[in-house]
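S.K.: Residue numbers (the working numbering), protein chains in the order written: chain Y, 288 to 496; chain D, 288 to 496. Take a look at this one; I'll ask things after.
Number of protein chains: 2
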Amino acid sequence: MLCDVSEPRRAGRWRTGQQSKQRIIAAARERFMRDGYDGATVRGIASDAGVDVAMVYYFFGNKEGLFSASVLTGPHHPLHQLADLLDAGSEEIGARLVRGFFERWDAGGTFEPLLTLWRSAAIQPAARQVLHDAMAGPLAQRVADAFGVSDAELRVELVASHLMGLAFARYQLKIEPLASTSVEDLVAWVGPTVQRYLTGSLPELSPMS
Amino acid sequence: MLCDVSEPRRAGRWRTGQQSKQRIIAAARERFMRDGYDGATVRGIASDAGVDVAMVYYFFGNKEGLFSASVLTGPHHPLHQLADLLDAGSEEIGARLVRGFFERWDAGGTFEPLLTLWRSAAIQPAARQVLHDAMAGPLAQRVADAFGVSDAELRVELVASHLMGLAFARYQLKIEPLASTSVEDLVAWVGPTVQRYLTGSLPELSPMS
């Protein structure tokens with residue numbers, strides 16, 4: 288799998304490394320979104336990008352790394368949205384998060400990568416790990432810092448699984464009336480829930496738990 | 288596709304119709320759960336059940352009918368659980384529903400059919416229709432009657448999508464700490480949400496919505 292970089296033609300390819308890397312990422316994103324984590328192959332992605340398969344391994348290490356770099360990055364990624372919203376203040380975080388989530392998704396399916404990841408994680412331990420790390424790491428720390436709460440990882444997962452369930456029902460299943468409910472109605476229903484999950488205390492917690 | 292019932296061997300099979308029907312349902316349930324709605328074939332199910340494919344069409348009309356009869360039936364089906372719980376009274380419905388949902392699923396994956404349906408509905412209009420009808424019909428009517436609320440269909444869908452998102456994260460993704468959180472903690476977190484979705488009013492609804 289190692290490239291012979293002394294070979295002229297290969298060396299020429301390596302010089303355009305950054306462009307190749309971007310082409311690989313674009314090809315991988317398309318393949319993963321179309322075929323899922325399991326169905327997409329590194330070989331097929333390399334072929335789509337017009338590079339040697341060895342270059343993919345050189346840049347991304349393995350399929351997991353490629354998945355993470357292509358599907359989990361980008362400024363529009365919803366897992367970054369909570370962090371962005373917290374930068375703008377912690378007030379009414381529930382309503383703001385729900386509004387931002389559905390407005391952005393209504394506007395054009397930019398969350399498709401997360402749905403791909405979500406589906407893939409059901410069958411792929413690697414994708415599962417990527418998803419967990421994305422939620423449990425810096426994001427949970429931000430929540431803990433912003434609201435002074437414990438259980439921040441669980442809180443983030445409650446919010447994420449609720450929003451993903453809603454997104455799945457609204458955009459994939461398209462079940463009515465949920466699919467046609469206005470964003471402001473969703474904010475009114477779900478906003479207080481997200482607010483409580485992120486900032487509320489749990490005095491009603493059972494002593495037996 | 289029509290069977291010649293005058294043919295002796297076929298006639299012998301038809302006489303054991305009820306047993307054959309049960310065998311078909313069992314085979315279909317297994318196939319649908321393993322391969323999803325899209326992957327399972329009527330021919331393969333008939334083969335597993337040891338019957339002629341025409342018998343499957345005779346009993347169930349089409350693949351959708353077979354899916355509905357095999358995956359959506361049974362006393363343990365979670366979509367029936369809310370109705371059962373309402374038979375026992377409407378008090379603390381949120382906590383009781385969340386507790387019942389996770390206790391039963393923790394005990395042995397009896398909700399796998401619903402997860403299959405949920406996944407299949409993303410790609411199959413027929414499965415989508417089955418899922419919608421199961422939620423929007425009698426169940427929403429029960430909620431409307433029990434709590435005197437409007438928007439009962441939307442309320443049921445909010446609850447269903449929340450619980451399915453949680454179940455997916457807990458049982459399929461197995462993300463921690465959600466996967467190991469005790470049922471009573473889940474009741475404390477999610478119970479009030481379900482209670483509000485099913486019984487609450489929405490004074491905060493935006494006038495622009």
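Ideal placement from N, C-alpha and C gives every residue a C-beta, glycine not left out. As the structure is a computational prediction, the values presented were derived from the model and not from experiment.
1) Which whole runs of the alpha helix (DSSP H) in the segment 302 to 349 of chain Y are 4 residues long or more, in chain order?
2) Return the first residue and the last residue of the alpha helix (DSSP H) that Ile380 of chain D is part of.
3) Using the C-alpha atoms, what's the distance from Ala439 of chain D back to Gly304 of chain Y?
4) Looking at C-alpha atoms only, which residue of D:Lys350, D:Ile311, D:Ser357, D:Arg321 is the closest neighbour of Gly337 of chain D?
5) Along the segment 448 to 461 of chain Y, where does the CB come closer than 9 Å to a CB of chain D? Name the residues.
6) May I have the straight-line CA-CA distance separating Thr480 of chain Y from Gln368 of chain D, to the nearest angstrom?
7) Return the first residue and the last residue of the alpha helix (DSSP H) that Arg457 of chain Y is part of.
8) Between Arg383 of chain Y and chain D, is any beta-carbon pair separated by less than 8 Å?
9) For Gly326 of chain Y and Asn349 of chain Y, I'd like the C-alpha separation in whole angstroms.
10) Taking the CB atoms as reference points, tell me whether Ala333 of chain D and Phe347 of chain D lie closer together than 8 Å.
11) Are at least three pairs of beta-carbons, each pair with one atom in the segment 426 to 438 of chain Y and one in the segment 448 to 461 of chain Y, less than 8 Å apart?
12) At 7 Å on the CB atoms, spell out the chain D contacts of Thr480 of chain Y, in chain order.
13) What does Arg415 of chain D touch in chain Y if you count any residue whose Cβ is under 8 Å from its own?
14) In whole angstroms, give me the CA-to-CA distance for Pro425 of chain Y and Ala466 of chain Y.
15) Taking the alpha-carbon positions, what's the Arg321 of chain Y to Gln459 of chain Y distance?
16) So, is the C-beta of Thr486 of chain D closer than 8 Å to a C-beta in chain Y?
17) Could you pull out every residue in the same chain whose Cβ sits closer than 7 Å to the Cβ of Gly331 of chain D, ignoring the five residues on either side in sequence?
18) In three-state DSSP terms, what is Met288 of chain D?
19) I'd like to know if Val369 of chain Y contacts chain D, where contact means its C-beta is closer than 8 Å to some C-beta of that chain.
20) Starting from Val474 of chain Y, trace the alpha helix (DSSP H) both ways and give me its first and last residue.
21) Find the nearest neighbour of Arg457 of chain D within the set Y:Val470, Y:Val340, Y:Leu441, judged by alpha-carbon distance.
22) Using a C-beta cutoff of 8 Å, does Glu317 of chain Y count as contacting chain D?
23) Using the Cα positions of Trp388 of chain Y and Val340 of chain D, report the straight-line distance between them to the nearest angstrom.
24) Taking Asp432 of chain D as part of the alpha helix (DSSP H), name the residues at either end of that continuous run.
25) By how many angstroms is the C-alpha of Met422 of chain D removed from the C-alpha of Leu453 of chain Y?
26) Would you please verify whether the beta carbon of Leu426 of chain Y is less than 8 Å from any beta carbon of chain D?
27) Quick test of your reading: Val474 of chain D and Arg386 of chain D, contact by CB under 8 Å. State the CB separation rounded to the nearest angstrom.
28) Which word fits Ser488 of chain Y, buried or exposed, when buried means at least 16 other C-beta atoms lie within 10 angstroms of its C-beta?
29) So with Cβ pairs under 8 Å, would you call Glu378 of chain Y a contact of chain D?
30) Leaving out five residues on either side along the sequence, give the residues of the same chain with a beta carbon under 6 Å from the beta carbon of Thr486 of chain Y.
31) In three-state terms, what does DSSP make of Ala447 of chain D?
32) Any idea if Thr328 of chain Y is buried or exposed, counting beta-carbon neighbours within 10 angstroms, 16 or more meaning buried?
33) Can you check whether the C-beta of Thr468 of chain D is within less than 8 Å of a C-beta belonging to chain Y?
M.R.: Reading off the structure:
1) Counting only runs of 4 or more, we get 304 to 326, 329 to 336, 340 to 347.
2) It spans 380 to 393 - the alpha helix (DSSP H) in which Ile380 of chain D sits, taken as one unbroken run.
3) Linking Gly304 of chain Y to Ala439 of chain D through their CA atoms gives a straight-line distance of about 56 Å.
4) When each option's Cα is compared against that of Gly337 of chain D, the closest is D:Ile311.
5) For chain D, the residues of the segment 448 to 461 of chain Y that bring a beta carbon within less than 9 Å of one of its beta carbons are Ser448, His449, Leu450, Met451, Gly452, Leu453, Ala454, Phe455, Ala456, Arg457, Gln459, Leu460, Lys461, in chain order.
6) Spanning the two alpha carbons is a distance of roughly 23 Å.
7) Taken as a continuous stretch (DSSP letters only), Arg457 of chain Y belongs to no alpha helix (DSSP H), as it is neither H nor E.
8) Judged by the 8 Å Cβ criterion, Arg383 of chain Y is not in contact with chain D.
9) For Gly326 of chain Y and Asn349 of chain Y, the gap between their C-alpha atoms comes out near 15 Å.
10) Against a cut-off of 8 Å, the Cβ pair of Phe347 of chain D and Ala333 of chain D comes out as no contact.
11) Contact between the segment 426 to 438 of chain Y and the segment 448 to 461 of chain Y is absent, because fewer than three Cβ pairs lie under 8 Å.
12) Within chain D, the residues near Thr480 of chain Y are Thr480.
13) Below the 8 Å Cβ cutoff, chain Y contributes Leu460, Lys461, Ile462 as neighbours of Arg415 of chain D, in chain order.
14) Straight-line Cα distance between these residues: approximately 32 Å.
15) One alpha carbon belongs to Arg321 of chain Y, the other to Gln459 of chain Y, and they sit about 14 Å apart.
16) Not closer than 8 Å to any Cβ of chain Y, the Cβ of Thr486 of chain D fails to qualify, so no.
17) The answer, listed in chain order, is Arg318.
18) In this prediction, Met288 of chain D has a pLDDT of 43, which is less than 50 and means its spatial position is unreliable; what the coordinates show is noted afterwards. Correct three-state label for Met288 of chain D: coil.
19) The sequence given here has Leu at residue 369 of chain Y, not Val. Not closer than 8 Å to any Cβ of chain D, the Cβ of Leu369 of chain Y fails to qualify, so no.
20) First-last of the alpha helix (DSSP H) with Val474 of chain Y: 470 to 486.
21) With distances taken between Cα atoms, Arg457 of chain D lies closest to Y:Leu441.
22) Answer no: the Cβ-Cβ gap between Glu317 of chain Y and chain D never drops below 8 Å.
23) Just to set this straight, residue 388 of chain Y is Phe in the shown sequence, not Trp. Within the model, the alpha-carbon separation for Phe388 of chain Y versus Val340 of chain D is close to 47 Å.
24) Segment 425 to 434, the alpha helix (DSSP H) holding Asp432 of chain D.
25) Their Cα atoms are separated by approximately 15 Å.
26) Chain D, which has no Cβ nearer than 8 Å to the Cβ of Leu426 of chain Y, makes this no.
27) Beta-carbon to beta-carbon, Val474 of chain D and Arg386 of chain D are separated by about 5 Å, close enough to satisfy the 8 Å threshold.
28) Ser488 of chain Y sits exposed, since fewer than 16 C-beta atoms from the chains shown fall within 10 Å of its C-beta.
29) No, because no Cβ of chain D sits closer than 8 Å to the Cβ of Glu378 of chain Y.
30) Non-local beta-carbon contacts of Thr486 of chain Y in its own chain, meaning distances under 6 Å to residues more than five positions away in sequence, involve Phe434 in chain order.
31) Residue state, collapsed to three classes: helix.
32) Burial call: exposed.
33) Yes, Thr468 of chain D lies at the interface with chain Y (some Cβ there is under 8 Å from its Cβ).
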